Amino acid sequence: MSRYYVTTPIYYVNDAPHIGHAYTTVVADVLARFHRLLGEEVYFLTGTDEHGQKIEDSAAAKGLTPIALADAVVQRYHALWKRLGMTHNDFIRTTEDRHQRGVLKLFGEITSRGDDIYKGRYEGWYCKGCEAFYPESQIVEGKCPDQGHPVQRLSEESYFFRLSRYQEPLLKHYADNPSFIFPETRRNEIVSFVSSGLKDLSLSRTSFRWGIPFPGDPQHIFYVWFDALANYITALEYAGSQDLYRQFWPADVHLVGKDILRFHAVYWPAFLMAAGVPLPKSVVAHGWWLRDAAKMSKSRGNVIEPNSLLDDFSVDAVRYFLMREMAFGQDASYSDEALIERCNSDLANDLGNLVSRTLKLLENSFGGVVPDPGSHSPRGEGLAPAAQAAWNGMVGGFKEYDFSGALSRVWELVSATNKFIVEKEPWKLAADPARRDELGWVLYDAAEALRVTGLLISPVMPRAARALWGQLGLQRDPAEESLTEFEWGRLAPGTRIAKGESLFPRIDKKAYLARLGTETPEAAKPAAPIARETNVDEASIDIEEFRKIRLRVGKVTAAEKVEGAKKLLKLQVDLGDEVRQIISGIADKYAPEALVGKQIVLVANLKPATIRGVESRGMLLAAEDAEGRATIVTFDEAVTVGATVR
Ligand code: ME8
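The sequence shown begins at 148 in our numbering and counts up by one.
Put into structure tokens, the structure is as follows:
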């Protein structure tokens, strides 16, 4: 069985985790789940970086010992990862004994192999925020070049690592292994950084105590990055039985933020080369979550707290948003609006409504039992090709770290299924006993497309995927399935569906933003030009009053005249999750056939009325001309059926 080892950075314990830390760990979890579905034996490691000057100072500022601070913060990481549904196999803390022994062993390997370590004196600039040394030429107004943290002048005795010696071997490694650094733009940056020359690296500190003491010279403690990077092998019992180390090293992927790529793609491979340890197969760097165009970080005070998001949004919604919204490798701006939009549009409207409408149709037409597609399915007409395309897109995209693109391929299947239902009009088929086989085929395909969708979304939204499968009557968890081969038709006819709670509840955007106090007050928004012509005092209503009117996109699927009424038409309007019958006084302008297929705006929460003995459940919007004839309101391009109109 092939093996897959994925790691996250180990996070500093000076402060609680924020959405940036959650992002990296969610991506690693998604990769771990994906590779398990590919049948690989996966080892997924995360953990905490607990030594260093930054932690020692933070603890002192809080009146705690460093280990007391670490013990407290690590609990917050454990709790958050549990809440986010992480499936890591191990969590390493650098204060653990197995880690410290591993660091000493790695260092011992380096010293025993040559003269890469020597004692000298470090004179220069140190950034405590990055725990990094910077040359004079890179300091900008007393700040570090990477993140703008203040730097301090250091002058201390230090052990050095002969990094300069590894310039050529590193460049050769990058050239021989083009996939060692991903994405390519980052790879180019690292190649040019290394090409411009490497200085030896100070590997020990003497001016504070919170670290692993140097063997034979305990005045010195290990530079925190040497200590921290070693976690990727120390967690595999590198200094113990080495069982896991033999199975999983070298790692397939070290997943990191772009801020720490240099440590992983330059220092770490150089240390490993010096110790004669094989190099990881790849270092993959993602971009930053920004807020107000700046990197989100505790020191800037602009962070998003994952726990507070999880109080309001489901874990699956948060995971989906993180994976869908950021184009992997690039920076992305966080916004509450974007998160709510993803929840309401992609999840509640597109997928959630599709699930409830399909299950409802199965209930109404087949008593809640998956029908037999029979031999009647016209070849090439069903949803199998769309499902195959989504499967290809998802598997291919995930392998390239294009999670956002991969998810949009899956949503193409969701749209295709929605469209299929609207076009095949199963409610009409249901009314015609002669077309029962066709109805069985249509609903079978829709349900099977949902089974495939559930499997494809499962690495990102494990709980919703499980619940979706449960509603389709499947006992298994998609996480236990396989993605190695596309299979169509695994949903067994005769399966009894188990319709349940709506999978993706809608978020009330206004209420949510108002509670956070981040909404732009309506009064502050620019007035539409038309407001100038209106008698504002008389005509204006409160936005709350307007919001009571539920306007939705409907598609006319059938239209006919109402007998004995010259002006009235009876329309069947598809709202995505149901089909409504409405009566509309537009027959003097529109022939019934001309309306079929048109997208209209429906007042969806109007009290039902009986007009000429026919029930009407809603009203379409139209403009009235001087003769009192109506022109219906429609859209200048196709929109999602059922979507809210505001
Ligand atoms: O650097 N956007 O720990 P750290 C996206 N201990 N990701 C972000 C982010 C943001 N705004 N902010 C943080 C350290 N991250 C070292 C690592 S590894 C041997 C030692 C994520 O707590 C991203 O993965 O500062 C980044 O690389 C990491 O958190 C830094 O976490």
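Just so it is clear, CB atoms sit at the ideal spot from N, CA and C, and this is done for glycine as well.
Bear in mind that the values here come from a model prediction, so they are computed numbers and not experimental data.
A straight line joining the alpha-carbon of residue 327 with that of residue 336 spans about 13 Å.
The alpha-carbon of residue 461 is positioned some 11 Å away from that of residue 454. Distance check between residue 434 and each of 762, 174, 356 and 163 places 174 closest, using alpha-carbon atoms only. Between residue 560 and residue 537, the C-beta spacing is below 8 Å.
Scanning its chain for C-beta atoms nearer than 8 Å, with the 5 sequence neighbours on each side dropped, one finds around residue 587 the residues 513, 518, 519, 520, 521 and 523, in chain order. DSSP, reduced to helix, strand and coil, places residue 196 within a strand of the structure shown. Cβ neighbours of residue 576 within its own chain (closer than 6 Å, five residues either side excluded): 582, 585 and 586. Listed in chain order, the alpha helix (DSSP H) runs fully inside the stretch 428 to 493 are 453 to 459, 462 to 472 and 483 to 488, counting runs of at least 4 residues. Classified as exposed, residue 623 has fewer than 16 neighbouring CB atoms from the shown chains inside 10 Å of its CB. For residue 281, the uninterrupted beta strand (DSSP E) segment begins and ends at 279 to 281. Relative to the non-hydrogen atoms of the ligand ME8, the Cβ of residue 491 never comes closer than 7 Å to any of them. Of the residues assessed, residue 402 falls on the buried side of the cut-off, its CB having 16 or more other CB atoms within 10 angstroms. Within a 10 Å sphere around the beta-carbon of residue 734 sit 16 or more other beta-carbons, which makes this residue buried. Residue 659 carries a helical assignment under DSSP once its states are collapsed to helix, strand and coil.
In the pairwise beta carbon analysis, the stretch 245 to 252 is classified as touching the stretch 386 to 397: at least three pairs are separated by under 8 Å.
Membership of residue 307 in the beta strand (DSSP E) is indicated by the continuous run 298 to 308. Cβ neighbours of residue 709 within its own chain (closer than 7 Å, five residues either side excluded): 715, 716, 717, 730, 759 and 761. In the structure shown, residue 649 falls within a coil segment according to DSSP collapsed to helix, strand and coil. Relative to the ligand ME8, residue 376 has its C-beta within less than 7 Å of a heavy atom. In this model, residue 416 and residue 639 are separated by some 51 Å (Cα to Cα). Each of 636, 595 and 629 was checked against the Cα of residue 619, and the nearest Cα belongs to 595.
A residue is called buried when at least 16 other Cβ atoms come within 10 angstroms of its Cβ; residue 405 meets this threshold and is buried. In this structure, the straight-line span from the alpha carbon of residue 314 to that of residue 339 is close to 11 Å.
In this structure, residue 367 has its CB at a distance of at least 7 Å from all heavy atoms of the ligand ME8. The ligand ME8 approaches residue 403 closely enough that one of its heavy atoms is under 7 Å from the residue's Cβ. Classified as buried, residue 217 has 16 or more neighbouring CB atoms from the shown chains inside 10 Å of its CB. Residue 162 and residue 608 have their C-alpha atoms roughly 28 Å apart. Only residues of its own chain outside the window of five on either side were considered, and among them 702, 704, 721 and 788 have a CB closer than 8 Å to the CB of residue 569, listed in chain order. Per DSSP, the beta bridge partners of residue 349 are 307.
For residue 430, same chain residues with a beta-carbon under 6 Å away, outside a window of 5 residues either side, are 328, 401, 411 and 412 in chain order.
When DSSP states are grouped into helix, strand and coil, residue 763 belongs to the strand group.
Residue 499 counts as buried, since at least 16 other C-beta atoms from the protein chains shown sit within 10 angstroms of its C-beta. Only buried fits residue 557, as 16 or more other CB atoms lie within 10 angstroms of its CB. For residue 273 and residue 281, the gap between their C-alpha atoms comes out near 6 Å. For residue 620, no beta strand (DSSP E) segment is defined, and its DSSP state is neither H nor E.
Between residue 394 and residue 610 the beta-carbon gap is near 30 Å, outside 8 Å, which marks them as no contact.
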